[in-house]
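**Q**
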Amino acid sequence: MPELPEVETVARGLERVWLDRTLTAVTVRRAGLRRPFPTDFAERLTGRRFVSVGRRAKYLLARFDDGLVLLGHLGMSGRMVISGLSNTPPGPHDHVAFVTDDATLVTMTDPRRFGLLDLTTEAEVATHPLLVGLGPEPLEDSFTADILGAALAGKMTAIKLALLDQTLVAGLGNIYVCESLFRAQISPLRPAGAVSGPELVALVAAIKAVLREAIAAGGSSLRDHVRPDGELGYFQHGFKVYGRAGQPCPDCAGPPACPGIERIVQGGRSTFHCARRQR
Ligand SMILES: [Zn+2]
Numbered sequence: 001m002p003e004l005p006e007v008e009t010v011a012r013g014l015e016r017v018w019l020d021r022t023l024t025a026v027t028v029r030r031a032g033l034r035r036p037f038p039t040d041f042a043e044r045l046t047g048r049r050f051v052s053v054g055r056r057a058k059y060l061l062a063r064f065d066d067g068l069v070l071l072g073h074l075g076m077s078g079r080m081v082i083s084g085l086s087n088t089p090p091g092p093h094d095h096v097a098f099v100t101d102d103a104t105l106v107t108m109t110d111p112r113r114f115g116l117l118d119l120t121t122e123a124e125v126a127t128h129p130l131l132v133g134l135g136p137e138p139l140e141d142s143f144t145a146d147i148l149g150a151a152l153a154g155k156m157t158a159i160k161l162a163l164l165d166q167t168l169v170a171g172l173g174n175i176y177v178c179e180s181l182f183r184a185q186i187s188p189l190r191p192a193g194a195v196s197g198p199e200l201v202a203l204v205a206a207i208k209a210v211l212r213e214a215i216a217a218g219g220s221s222l223r224d225h226v227r228p229d230g231e232l233g234y235f236q237h238g239f240k241v242y243g244r245a246g247q248p249c250p251d252c253a254g255p256p257a258c259p260g261i262e263r264i265v266q267g268g269r270s271t272f273h274c275a276r277r278q279r
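Take UniProt numbering: the final residue in the sequence shown is number 279, and no numbers are missing along the way.
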């Protein structure tokens, strides 16, 4: 599932080909994905010029010259693929095609169909039902230890689960929460409200650092984004704990002091941590 850094990379890749371009054709090949596409989706977009392309949490946001806003989510398996126009017929999972005035084709491909595309307006985007309850953006300067501390105060839920709560901080998923807690040396099992003082400062710094490093890795993958498949946003990135159960801990000397990375289950999902280093 794409996480914030992947969505940021997709947004930057789309910005390169969409900014200041005009949509000349939009083709919708099914009624919807996770939810139906808006009525007159293609008609409302055709002829509109992109004035910005970005994201909020894990949602893509493209703004147009008439105040229209395209809101997208990649769901579990959604991809945005950039190519030139060709006579190659679309694949079975190529659900929406966007063509701009320079004959660039962007195809939304989504085998599992948990993605979504919606239309809103500049006036209403902030109160869109999918966006209105989201917490602060972790990479913005306004996301501070004080803000996070206030959001966690009094919470008995585990810090790992609290950080996945999109109303407390927006866009964090399982991978980067595990990596952030490892870097900040905080146990994923600690009650959220018990994380305080210098630990909060370390946690906020760790969240920003792991996200920035992943975005930088995505950016370097973007530099050669003219891969044969033109696919955006999926890149190899080295994780220190995520998916490394049973492997040596990268920051400890090894057994017997540290038995290695351990996998536990919290809220039905895997957590990876070092029980020695994270307290
Ligand atoms: Zn360790």
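Idealized CB from N, CA, C, for every residue including glycine. Keep in mind the model is a prediction, meaning the values are calculated, not measured.
If you run the structure through DSSP and keep just helix, strand and coil, what is R244?
**A** coil
**Q** Pull up the distance between the alpha-carbon of I264 and that of M108, whole angstroms please.
**A** 35 Å
**Q** In the DSSP assignment, what residue or residues form a beta bridge with S270?
**A** The partner list for S270 (beta bridge, DSSP) reads V265.
**Q** What residue from P38, A103, P191 and D146 has the CA that sits closest to V201's CA?
**A** D146
**Q** Once the 5 residues before and after K208 are set aside, which same chain residues still bring their CB inside 7 Å of it?
**A** P138 and L139
**Q** Whose C-beta lies closer than 7 Å to the C-beta of Q247 among residues of the same chain, with five residues either side of it excluded?
**A** G260 and I261
**Q** Counting along the chain, where does the alpha helix (DSSP H) carrying F41 start and finish?
**A** Taken as a continuous stretch (DSSP letters only), the alpha helix (DSSP H) holding F41 covers F41 to L45.
**Q** Excluding the 5 residues flanking R112 on each side, which residues of the same chain have their C-beta closer than 6 Å to its C-beta?
**A** Scanning its chain for C-beta atoms nearer than 6 Å, with the 5 sequence neighbours on each side dropped, one finds around R112 the residues M76 and S77, in chain order.
**Q** To the nearest angstrom, how far is the alpha carbon of T39 from that of R30?
**A** Approximately 12 Å between the Cα atoms of the pair.
**Q** Could you name the residues of the same chain whose beta carbon sits closer than 7 Å to that of Q166, not counting the 5 residues immediately before and after it, in chain order?
**A** A57, L134 and G135
**Q** In three-state DSSP terms, what is V69?
**A** Assigned with DSSP and collapsed to three states, V69 falls in strand.
**Q** Compute the minimum distance between the beta carbon of R276 and the heavy atoms of ligand 1, and state whether it is under 7 Å.
**A** Yes, ligand 1 has a heavy atom inside 7 Å of this Cβ.
**Q** Can P191 and L181 be called in contact, C-beta distance under 8 Å?
**A** no
**Q** Bridge partners of R55, per DSSP?
**A** Beta-bridge annotation (DSSP): R55 is paired with L60.
**Q** According to DSSP, which residues form a beta bridge with T120?
**A** V69
**Q** Can you grab the Cα-Cα spacing for the pair C274 / L168, in whole Å?
**A** 25 Å
**Q** Look up V26 in the DSSP assignment and say whether it is helix, strand or coil.
**A** Here V26 sits in strand by DSSP.
**Q** Going by the CB atoms, is the gap between A153 and G218 shorter than 8 Å?
**A** no
**Q** Going by DSSP, what residue range makes up the beta strand (DSSP E) through G13?
**A** Per DSSP, G13 belongs to no beta strand (DSSP E); it is in the alpha helix (DSSP H), L4 to W18.
**Q** Assuming R277 and C258 are in contact, meaning their beta carbons sit under 8 Å apart, how far apart are those beta carbons, in whole angstroms?
**A** That belief holds up - the Cβ atoms of R277 and C258 are roughly 7 Å apart, short of 8 Å.
**Q** Within 10 Å of its beta-carbon, does A216 have 16 or more other beta-carbons around it, so buried, or fewer, so exposed?
**A** exposed
**Q** Could you give the first and the last residue of the continuous beta strand (DSSP E) run that contains S83?
**A** R79 to G84
**Q** Does the count of Cβ pairs from the region 122-131 and the region 84-100 closer than 8 Å reach three?
**A** no
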